[in-house]
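In what follows, a structure is listed as structure tokens, so that the remarks can point back to it.
In the UniProt record's numbering, the protein residues as written are 1 to 285.
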């Protein structure tokens, strides 16, 4: 079994239990690919440098980061630099032979760069230029499989490698949940998304309304309706993972003694490939 684990970057997420769990899974012979976010750390670094993080809303109502050139420089410093290195260091202290990789290494994560994005400001649709972002279109699964076969545990961070219209490449931002989804799909792995809540709730303010699982398109429609705020992107990523070939997706809390094992055992909210509409499943095959 291969497990792709995404550790969220929110302040309330404590990675300690997840890292110990990775060590336990690896010791048991499981293949684990660890991915991580870090938006909070990027924002804090920008603020320390006297810069204001910029977030925009798409016409569809999804809020995301606008990454200009200066923000991209900070992003490269913080994500593959500090955060990825910290996780690799911590895994070595857990006895895991970890290898840090960014999406630019070996064309691990590749896709077209988006230099302009459609946004909604004051109720009006506009084009905002100068963005450094992209959507992942391909994953170098061979690089990850070779690393795993060598007995190493990959720790993967965005940025991705963005293809320019004029030719050449630029390192650009990509959503960390969707990066994890693309990797899980390429490896046909189980994806565990660890965050600061115990799953997806029917009522976002009431943990007792957690949805345990979804296995049909109708059940998935209810999950989509329930998702709000940051959870919206995680549900979008989950759907992309399953469309790409992932075996399952579970959204669960990182703040547990063995959060990955618990998620694989049914804690959190588990989404099965059956949630995809029949035509989507046929297209994936």
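We treat Cβ as the ideally placed atom computed from N, Cα and C, and that holds for glycine.
Fair warning: this is a prediction, and the values are worked out from it, not measured in the lab.
Assuming residue i and residue j make a contact with CB atoms under 8 angstroms, what is their CB distance in whole Å?
i           : j           : result
residue 212 : residue 247 : Contact doesn't hold; Cβ gap of about 18 angstroms is too wide.
residue 152 : residue 99  : 5 angstroms
residue 176 : residue 109 : Not a contact, Cβ separation roughly 11 angstroms.
residue 79  : residue 138 : At roughly 20 angstroms, the Cβ-Cβ gap does not stay under 8 angstroms, so residue 79 and residue 138 are not in contact.
residue 251 : residue 224 : About 13 angstroms separates the two Cβ atoms, so there is no contact after all.
residue 104 : residue 161 : 5 angstroms
residue 1   : residue 30  : 6 angstroms
Does the Cβ of residue i have 16 or more other Cβ atoms within 10 Å, making it buried, or fewer, making it exposed?
i           : result
residue 54  : exposed
residue 49  : exposed
residue 84  : buried
residue 11  : exposed
residue 155 : buried
residue 277 : exposed
residue 129 : exposed
residue 63  : exposed
residue 166 : exposed
residue 267 : buried
residue 111 : buried
residue 133 : buried
residue 124 : exposed
residue 210 : buried
residue 7   : buried
residue 126 : exposed
residue 283 : Caution is warranted here: a pLDDT of 48 is assigned to residue 283, below 50, making its placement in the model unreliable, and the coordinate value is therefore given only provisionally. When all chains shown are included, residue 283 counts as exposed.
So if DSSP puts residue i in a beta bridge, which residue, or which two residues, is it bridged to?
i           : result
residue 154 : 99
residue 3   : 32 and 190
residue 161 : 110 and 171
residue 271 : 214 and 249
residue 116 : 129
residue 65  : 55
residue 195 : 253
residue 121 : 124
residue 139 : 109
For residue i and residue j, what's the separation of their Cα atoms in angstroms?
i           : j           : result
residue 3   : residue 135 : 22 angstroms
residue 269 : residue 141 : 26 angstroms
residue 116 : residue 131 : 6 angstroms
residue 17  : residue 259 : 7 angstroms
residue 15  : residue 254 : 7 angstroms
residue 81  : residue 218 : 42 angstroms
residue 227 : residue 86  : 31 angstroms
residue 60  : residue 27  : 44 angstroms
residue 241 : residue 194 : 15 angstroms
residue 90  : residue 238 : 27 angstroms
residue 244 : residue 273 : 10 angstroms
residue 46  : residue 74  : 7 angstroms
residue 279 : residue 185 : Since pLDDT at residue 279 reaches only 46, below the 50 mark, its modelled position is unreliable, and no value is offered.
residue 71  : residue 171 : 12 angstroms
residue 281 : residue 5   : Only weak support exists for where residue 281 lies, its pLDDT of 46 falling under 50; the value from the coordinates is given anyway. Taking the straight line joining both Cα atoms gives about 23 angstroms.
residue 121 : residue 43  : 21 angstroms
residue 9   : residue 40  : 6 angstroms
residue 261 : residue 230 : 24 angstroms
residue 271 : residue 263 : 11 angstroms
residue 68  : residue 180 : 23 angstroms
residue 149 : residue 205 : 43 angstroms
residue 232 : residue 119 : 17 angstroms
For the alpha helix (DSSP H) that residue i lies in, which residues bound it at each end?
i           : result
residue 244 : 230 to 244
residue 261 : 259 to 264
residue 27  : 16 to 27
residue 85  : 84 to 93
residue 42  : 39 to 48
What are the start and end residues of the beta strand (DSSP E) that includes residue i?
i           : result
residue 252 : 248 to 253
residue 124 : 124 to 134
At a threshold of 6 angstroms, does residue i count as lining the ligand HEM (C-beta to nearest heavy atom)?
i           : result
residue 248 : The ligand HEM is absent from the structure shown, which contains no ligands of any kind.
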